[in-house]
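*Asks:* The structure that follows is given in the form of C-alpha cells.
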Amino acid sequence: MDKNQNSGSGSLPYIPSLDGLRALAVLMVMLYHAWLPAFQTGSIGVNIFFVLSGYLITCQLMREYRRSGSIKLRNFLMRRVLRTFPALWLLLLASGITVLILPSFLGGRPVLHLLSGLLFFANILQFNHVFEGGSDLGALTHLWSISLEEQFYVIWPLILTPVLCREKTRKWIGLVLLAASLVLFLLSPYHSSRIFTSWVKVFQIWGDGASGLLLGCWLAVMICGRPALGKEHFLQRISGIFSGGCSLILILLIAQVPWKLGDGWTGTCSAVLTCSLIYSLLKESQHSYISRFLSSDILVWIGRRSYGIYLWHWWWNEIVRECGISGVFFYFIYAGGTIACAALSFYFVEEPMLRLKERFHS
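Per the working numbering, the very first residue in the sequence shown carries number 793; after that it's consecutive.
See below:
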C-alpha cells in the first residue's frame, strides 16, 4: 500500500505494518531466486503478495461503492495503469536494450516476450514453457504474476459491481470467494499432471495466483463489507487462534522444517496464515510485537519499494549469471543492483505517478 494513502476520498488508511509484510514477501522471493537451498520460499512470498493485493484492491472498490453507489471502472483502470505501467515500461526498455548485447537474455523469442510483458500475457507464455515445452521468457519470467494480476483486475470489478447491487448475492459472495480460493489451492499440485483435459487450461494458467487473490478478496468482503465486527465473529476467532503463533508457523513453513508440504498445502497454509496476520494487524494494537517488528523503518522502506524490487530482481539475477559471476560477488551485485534500481524507479518514476494517481480516486 502506498504511503500517500493516508487520506483522500478513495484511499485506505495507511498501516505501516502491511508494508513490512510486503517487504518480507519480496525478500522471500529474492532469497529463493538466489538459489540458496535453505530458502525454498518463492511461492510463499508470491502468495503473500497476491493475498495483500486482493484485500487492498477489493477494500478500495467496496469503499467506493458504499460512498457513491457505483464503481467507476475508468478511474479504477487509470489507477492501475499509473501504479503498474510506468515502472514496468522502464524494465522492458532496459531488457530490450540488454538483449541487443546479450541475445539469450530474453530467451529464444525476445520480441514476443517483451510484448507479453507489455500486454500482460506473460503467464500464458510461462505456462506454455513449463507444461508444453515452449520458449523460456528469460529475464521476464517473473512477469507471469503481474500479468495474471492485471488480467484478474480487468474482470473483478465487473463481477463485484452487480454482486454489491443485490442484497441476496452480497450475503453469499464471501462464501463463494472462500470456496473458490481453497479449491484452486488444493488442485494446484495437479497442474503439471495430464489428468486435466485441454479445456481446463484456463484454470491451470490462472490457478496458483488467482487463489491467493480470491482469498484476499474474501478477507476484504468479510472486513470492509461489514460496518462493525461482533466479538464472536468468525474472523476474530480464527485470528485469536493464529495471531500469536502466526510468525512462528510462517517461519516453519518457510524453512519447511520439520516437514515438507506439497505445493498445494504450502500455498493454502501460507495464504490462510497471511489472512490471519493481516486481520490481526488491522484489529490489534499497532504496539503489538508483530506490528512493531513489521513497522520497523527498514522493512517499511523495503515494502514501499517492493514492486520495483520484484521487477528488477530477476533482471539482475540473469545479468549476473550471464556474466558468469558466482560466489559472494553474485549475491552482492544481485542484491545491490536490485535495490539501487528499485530505489531510483521509486523516486523518479513511481512516486510522481502515485501523486497523479490520487486524482482518479472518486
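No residue lacks a Cβ here, since even glycine has one placed at the ideal position from N, Cα and C.
1) Please return the same chain residues whose Cβ sits closer than 6 Å to the Cβ of Leu1006, not counting the five positions on each side in sequence.
2) Between Leu929 and Leu917, which are expected to be in contact by the criterion C-beta below 8 Å, what is the C-beta distance as a whole number of angstroms?
3) Please say whether Gly812 and Val1092 have beta carbons closer to each other than 7 Å?
4) Which two residues bound the contiguous alpha helix (DSSP H) that contains Val873?
5) I need the DSSP call for Arg958, collapsed to helix, strand or coil.
6) Out of curiosity, what's the CA-to-CA distance linking Leu853 and Leu865?
7) Excluding the 5 residues preceding and the 5 following Trp1107 in the sequence, name in chain order all residues of the same chain whose CB lies nearer than 6 Å to its CB.
8) Could you tell me whether the stretch 1107 to 1117 touches the stretch 1143 to 1154, where touching means 3 or more Cβ pairs closer than 8 Å?
9) Please state the DSSP three-state secondary structure of Cys1115.
10) Got a sec? Which residues, its chain only, sit under 6 Å from Phe1152 by beta carbon, not counting five neighbours each side?
11) With a cut-off of 8 Å on the beta carbons, I'd call Ile1070 and Leu844 a contact; round off their distance for me.
12) Ends of the alpha helix (DSSP H) at Asp811?
13) Check the Cβ-Cβ distances between Pro954 and every residue of chain B, and say whether any is below 7 Å.
*Replies:* On the basis of the supplied data:
1) Taking the sequence shown and counting its residues from 1, the one referred to as residue 1006 is at position 214. If we look at Leu1006 and ignore the five residues flanking it on each side, its Cβ neighbours are Leu969, Ala972 and Ser973.
2) On the sequence shown, position 137 is the one that residue 929 refers to. On the sequence shown, position 125 is the one that residue 917 refers to. Contact flag correct, Cβ pair sits at about 6 Å.
3) Against the sequence shown, residue 1092 aligns to sequence position 300. Against the sequence shown, residue 812 aligns to sequence position 20. Taking 7 Å as the Cβ cut-off, Val1092 and Gly812 qualify as a contacting pair.
4) Within the sequence shown, the letter at position 81 stands for residue 873. From DSSP, the alpha helix (DSSP H) with Val873 extends over Leu865 to Ile893.
5) Taking the first residue of the sequence shown as 1, we reach residue 958 at position 166. The answer is coil: DSSP assigns Arg958 none of H, G, I, E or B.
6) Residue numbering aside, residue 853 sits at position 61 when the sequence shown is read from its first letter. Residue numbering aside, residue 865 sits at position 73 when the sequence shown is read from its first letter. Roughly 10 Å between the two C-alpha positions.
7) Looking up residue 1107 in the sequence shown gives position 315. Within the same chain, Trp1107 has close Cβ partners Ala931.
8) no
9) The sequence position of residue 1115 within the sequence shown is 323, counting from 1. Cys1115: coil per DSSP, three-state reduction.
10) Along the sequence shown, one-based indexing puts residue 1152 at 360. Cβ neighbours of Phe1152 beyond the five flanking positions: Asn867, Met870 and Arg871.
11) Against the sequence shown, residue 1070 aligns to sequence position 278. Against the sequence shown, residue 844 aligns to sequence position 52. Confirmed, about 7 Å.
12) What you label residue 811 is simply residue 19 of the sequence shown in a count that begins at 1. Where Asp811 is concerned, the enclosing alpha helix (DSSP H) stretches over Pro808 to His825.
13) Absent from the structure is chain B; it holds one protein chain and no more.
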